[in-house]
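K.L.:
I have a structure I would like to understand better, so I am pasting it below and will then ask my questions one at a time.
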Amino acid sequence: MKMELLYEINSGVTTAMKFRTLLRHIREGTKNIFRNGWMTFASIAAVTTTLILVAVFLALVLNLDQMARNIEQDVQISTLIDVTADEDQIVQLGEEIEQIDGVAEVQFSSNDNELSKLIESMGDEGQAWSMFEQDNPLNHVYIVEASVPEETEVIANQIEELDNVENVLYGKEVVEQLFQFNSYARAIGLALIIALVFTAIFLISNTIKITIIARSTEIGIQKLVGATNSFIRWPFFVEGALLGILGSLAPVAVILGGYYYIYNNFANVVNFRFVELLPFDPFAWQLSGMVLLIGAVIGVWGSVMSVRKFLKV
Amino acid sequence: MITMENVSKTYSNGVTALNDISVHIDRGEFVYIVGPSGAGKSSFIRLIYREAKPTKGKIIVSDRDLSKLKERHIPYLRRDIGVVFQDFKLLQKLTVYENVAFALEVIETPPRTIKRRVQEVLKLVGLEAKEKMIPSELSGGEQQRVAIARAIVNNPKVVIADEPTGNLDPDTSWEIMKVLEDINSKGTTIIMATHSKHIVNTIKRRVIAIEDGVIVRDQQRGDYGYEI
Ligand SMILES: Nc1ncnc2c1ncn2[C@@H]1O[C@H](COP(=O)(O)OP(=O)(O)OP(=O)(O)O)[C@@H](O)[C@H]1O
Ligand SMILES: [Mg+2]
């Protein structure tokens, strides 16, 4: 029993808590859990509901975020060159594009090259396009990359003004819609989660309040025989943390099971490059860890609230 | 051991329970606090273990100036003081042994010491055979002896008792007095508030009489002095 845990007494004096005492607090805190059945159940259920929502929301937002970033990083401006432009005009256009502020790279891609890229990206169905190989309907293209993704739009607008440009294409709508959707999802999800977190904290602090009242005689005697305040408080922190952790077990199971299922069944079905789900390992594990931590924090917060209010030690 | 200088206690409702009290109690003394109901005896006791704070004056208990005692140091004062009440204040779900051990567990005494000390004090109060019983299986006198065992188990310098025999019949009261005398003979200071004329007049000790919050008499080997 040489193991000792350092903890702070409110004075700021650091004292060593004996390992035996720590075990005692955990034992007492665990006993409290079983003492008030229905309230314990309600608290755990509230934490579980909250955390499942947190998990679904986080999984969605983080994945969408990642997708949006993929697309954004990937934004290339395809400058379709007028079919009427001759070789000199094409070269001149290339030079003009290079001079625009914020352009990182300009690459020429012939219409034949564009066609074979298209055929390739369509897979089997792409073979249908092979018949165009003799009479290519596509334009020559300048593929332009901005040095900063956010400047894509400005650069695209400038290119559009140049001569011999038929059209300028880039993933503007997709990216903007994705970011838009994501910011709505974030706002709504956050409001919902904050409301739920406070409900869970409220229920936990009420559960612990009941324990405190039920044990008031015991607490009175503890004070009488010289127990320190932190000694009296610890089991209630343990109770709160346990409620939070117990409440996060089901959500962790849902995350690991659910994400495993989704990842394995849907990740490869969608074959756009940017709709790539975050890999199960480490994402699902990180998410589980986060949910467990949030559960524990909710629990401890709930207990701190009722200990402060109802345990004037 | 205990010194009070010009101590007054006025509760928040305006009642002045103690008014300019000065008293000194030496180590090893046995002191009765007597007086009519509402005189301020319990208030006097509560000041000693810092359950209540004086409105005015200075209190020193085992070298601690209570007016300067920080909240977080109160537990350490309490470890030097054993407290016994009329209503025993035992935990009903715990056994006799556990009730006494409780006082040592919460001050983080090593388990081996706990076992030894609890057995010692249970023997001292004559309950070693009943250590596995719960309070509801015991008589009032036995329950009070458990409470006394708990009060003395960590060797406090002083035991304060507020009407420890208040709920007990005369025979049982003598049992309790024997235990308290025994503890006192081993050097522990005893301060006991009581209404028992019989006890005070039989076991003659120092008597401090309080009336209306004022010490009206302080007498070695004194009498109870009131007709009931
Ligand atoms: N917590 C309190 N708040 C307000 N007034 C109090 C409080 N405790 C005691 N009093 C008042 O202080 C006065 C002294 O009370 P105290 O309990 O000290 O008397 P006592 O001598 O112990 O009486 P008894 O013999 O009946 O136990 C009484 O008038 C009582 O009403
Ligand atoms: Mg009283």
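The listed protein sequences derive, respectively, from chains C and A. If you read the first sequence in my numbering, its first letter stands for residue 894, the second for the next number, and so on. If you read the second sequence in my numbering, its first letter stands for residue 55, the second for the next number, and so on. Cβ atoms here follow ideal geometry from the backbone N, Cα and C, with glycine treated the same way. Here the structure is a predicted model, which means the values were calculated and not measured.
Could you tell me the distance, in whole angstroms, from the CA atom of A:Ser249 to the CA atom of C:Ser1199?
P.N.:
Here residue 249 of chain A corresponds to residue number 195 of the second sequence, with the count starting at 1. Here residue 1199 of chain C corresponds to residue number 306 of the first sequence, with the count starting at 1. In the sequence as presented, Ser is not what sits at residue 249 of chain A; that position holds His. The straight-line gap from Cα to Cα measures roughly 41 Å.
K.L.:
Taking the alpha carbon of C:Glu1046 as the point to measure from, which residue in C:Val1184, C:Ile993 and C:Met910 has its own alpha carbon closest?
P.N.:
Counting from 1 along the first sequence, the entry for residue 1046 of chain C is found at position 153. Selected option, being the one with the closest Cα: C:Ile993.
K.L.:
Identify the contact partners of A:Ala157 in chain C, using a Cβ-Cβ distance below 7 Å as the criterion.
P.N.:
The residue labelled residue 157 of chain A in the question sits at position 103 within the second sequence. Under the 7 Å cutoff, chain C gives Val1118.
K.L.:
What three-state label does DSSP hand A:Asn208 in the structure shown?
P.N.:
Translated into the one-based positions of the second sequence, residue 208 of chain A becomes position 154. A:Asn208: coil per DSSP, three-state reduction.
K.L.:
Quick one, what's near ligand 1 if you take every residue whose CB is closer than 6 Å to any heavy atom, in chain order?
P.N.:
Residues with a Cβ closer than 6 Å to any heavy atom of ligand 1, in chain order: A:Tyr65, A:Asn67, A:Val69, A:Ala71, A:Gly89, A:Ser91, A:Gly92, A:Ala93, A:Gly94, A:Lys95, A:Ser96 and A:Ser97.
K.L.:
Whole-angstrom Cβ separation of C:Leu1139 and C:Ile937, contact assumed at under 8 Å?
P.N.:
In the first sequence, the residue the question calls residue 1139 of chain C occupies position 246. In the first sequence, the residue the question calls residue 937 of chain C occupies position 44. Their Cβ separation, rounded to whole angstroms, is 5 Å, which keeps C:Leu1139 and C:Ile937 in contact under 8 Å.
K.L.:
What residues in its chain sit with their C-beta under 8 Å from that of C:Leu1171, if we drop five residues either side in the sequence?
P.N.:
Translated into positions along the first sequence, residue 1171 of chain C becomes position 278. Excluding positions up to five away in sequence, the list reads Leu955, Asn956 and Gln959.
K.L.:
If we require 4 or more residues per run, which alpha helix (DSSP H) segments fall completely within the stretch 148-224 of chain A?
P.N.:
150-159, 165-178 and 194-206, all fully within the stretch 148-224 of chain A.
K.L.:
Give the DSSP bridge partners of C:Arg920, in chain order.
P.N.:
Looking up residue 920 of chain C in the first sequence gives position 27. None, per the DSSP bridge assignment.
K.L.:
Quick one: list the residues of chain B neighbouring A:Lys143, beta-carbon separation under 9 Å, in chain order.
P.N.:
Structure shown: chain B not included; protein chains present are C and A.
K.L.:
Taking all protein chains shown into account, decide if A:Gly241 is buried (16 or more other Cβ within 10 angstroms of its Cβ) or exposed.
P.N.:
Indexing the second sequence from 1 puts residue 241 of chain A at position 187. A:Gly241 should be labelled exposed.
K.L.:
Does the beta-carbon of A:Arg293 have 16 or more other beta-carbons within 10 angstroms, so that it is buried, or is it exposed?
P.N.:
Within the shown structure, residues of chain A are numbered from 55 to 282, placing residue 293 of chain A beyond reach of any answer.
K.L.:
Please confirm if the stretch 979-997 of chain C is in contact with the stretch 1101-1108 of chain C, defined as three or more CB-CB distances below 8 Å between the two stretches.
P.N.:
The stretch 979-997 of chain C, when compared against the stretch 1101-1108 of chain C, does not touch it at the 8 Å Cβ threshold.
K.L.:
Secondary structure at C:Ser971, three-state DSSP: helix, strand or coil?
P.N.:
Mapped onto the first sequence, residue 971 of chain C falls at position 78. If DSSP states are grouped into helix, strand and coil, C:Ser971 belongs with the strands.
K.L.:
Applying the 10 Å Cβ sphere with the 16-neighbour rule, what's the burial state of A:Ser97?
P.N.:
The count along the second sequence starts at 1 and reaches residue 97 of chain A at position 43. Classification of A:Ser97: buried, given that the 10 Å Cβ count is 16 or more.
K.L.:
DSSP three-state call for A:Gln273: helix, strand or coil?
P.N.:
In the second sequence, residue 273 of chain A corresponds to position 219, counting from 1. A:Gln273: strand per DSSP, three-state reduction.
K.L.:
Taking C-alpha atoms, which residue in C:Asp979, C:Arg1108, C:Leu1089 and C:Ile1114 lies nearest to A:Ile161?
P.N.:
Residue numbering aside, residue 161 of chain A sits at position 107 when the second sequence is read from its first letter. If we check each option's Cα against that of A:Ile161, C:Ile1114 comes out closest.
K.L.:
Short check: CB of A:Gly89 to CB of A:Val213, under 7 Å?
P.N.:
For the purposes of this step, residue 89 of chain A is identified with residue 35 of the second sequence, where counting begins at 1. For the purposes of this step, residue 213 of chain A is identified with residue 159 of the second sequence, where counting begins at 1. No, Cβ-Cβ distance for A:Gly89 and A:Val213 is not below 7 Å.
K.L.:
Judging by CA-CA distance, which residue of C:Ile1155, C:Lys1010 and C:Glu1169 is the nearest neighbour of C:Leu962?
P.N.:
As a working note, residue 962 of chain C is residue 69 in the first sequence. In the sequence as displayed, the identity of residue 962 of chain C is Arg instead of Leu. That would be C:Glu1169, whose Cα lies nearest to the Cα of C:Arg962.
K.L.:
Give me the Cα-Cα distance between C:Ile1125 and A:Glu159, rounded to the nearest whole angstrom.
P.N.:
As a first step, residue 1125 of chain C must be located in the first sequence, where it is residue number 232. As a first step, residue 159 of chain A must be located in the second sequence, where it is residue number 105. Approximately 12 Å between the Cα atoms of the pair.
K.L.:
For the beta strand (DSSP E) that A:Met246 lies in, which residues bound it at each end?
P.N.:
What you label residue 246 of chain A is simply residue 192 of the second sequence in a count that begins at 1. Run containing A:Met246: Thr243 to Ala247, per the beta strand (DSSP E) assignment.
K.L.:
DSSP three-state label for C:Thr1121, please.
P.N.:
Numbered from 1 along the first sequence, position 228 holds the residue referred to as residue 1121 of chain C. C:Thr1121: coil per DSSP, three-state reduction.
K.L.:
Using a Cβ-Cβ cut-off of 7 Å, state whether A:Val115 counts as contacting chain C.
P.N.:
The residue labelled residue 115 of chain A in the question sits at position 61 within the second sequence. Judged by the 7 Å Cβ criterion, A:Val115 is not in contact with chain C.
K.L.:
Could you work out which residue in C:Val1118, C:Arg1201 and C:Pro1030 is closest to A:Pro129 when comparing CA atoms only?
P.N.:
Residue numbering aside, residue 129 of chain A sits at position 75 when the second sequence is read from its first letter. Nearest C-alpha to A:Pro129: C:Val1118.
K.L.:
Indicate whether at least one CB of chain A lies closer than 7 Å to the CB of C:Phe1104.
P.N.:
As a working note, residue 1104 of chain C is residue 211 in the first sequence. Per the sequence shown, residue 1104 of chain C should be read as Thr rather than Phe. No - not a single Cβ of chain A is within 7 Å of the one on C:Thr1104.
K.L.:
Should A:Leu229 be flagged as near chain C, meaning a C-beta pair shorter than 7 Å?
P.N.:
The count along the second sequence starts at 1 and reaches residue 229 of chain A at position 175. What sits at residue 229 of chain A in the sequence shown is Glu, not Leu. Closer than 7 Å: no.
K.L.:
Consult DSSP for C:Lys911 and reduce its assignment to one of helix, strand or coil.
P.N.:
Counting from one through the first sequence, the residue named residue 911 of chain C turns up at place 18. Three-state DSSP puts C:Lys911 in a strand.
K.L.:
I'd like the list of long-range same chain contacts for A:Val154, defined as Cβ closer than 7 Å, with 5 residues on each side in sequence excluded.
P.N.:
Here residue 154 of chain A refers to the residue found at position 100 when the second sequence is read from its first residue. So the qualifying residues of the chain are Val172, Val175, Leu176, Val200, Ala203, Arg204 and Val207.
K.L.:
Determine, for A:Tyr65, whether the minimum Cβ-Cβ distance to residues of chain C falls below 7 Å.
P.N.:
Counting from one through the second sequence, the residue named residue 65 of chain A turns up at place 11. No - not a single Cβ of chain C is within 7 Å of the one on A:Tyr65.
K.L.:
Using a Cβ-Cβ cut-off of less than 7 Å, give me the residues of the stretch 921-951 of chain C that come near chain A, in sequence order.
P.N.:
Correct list: empty, as no residue qualifies.
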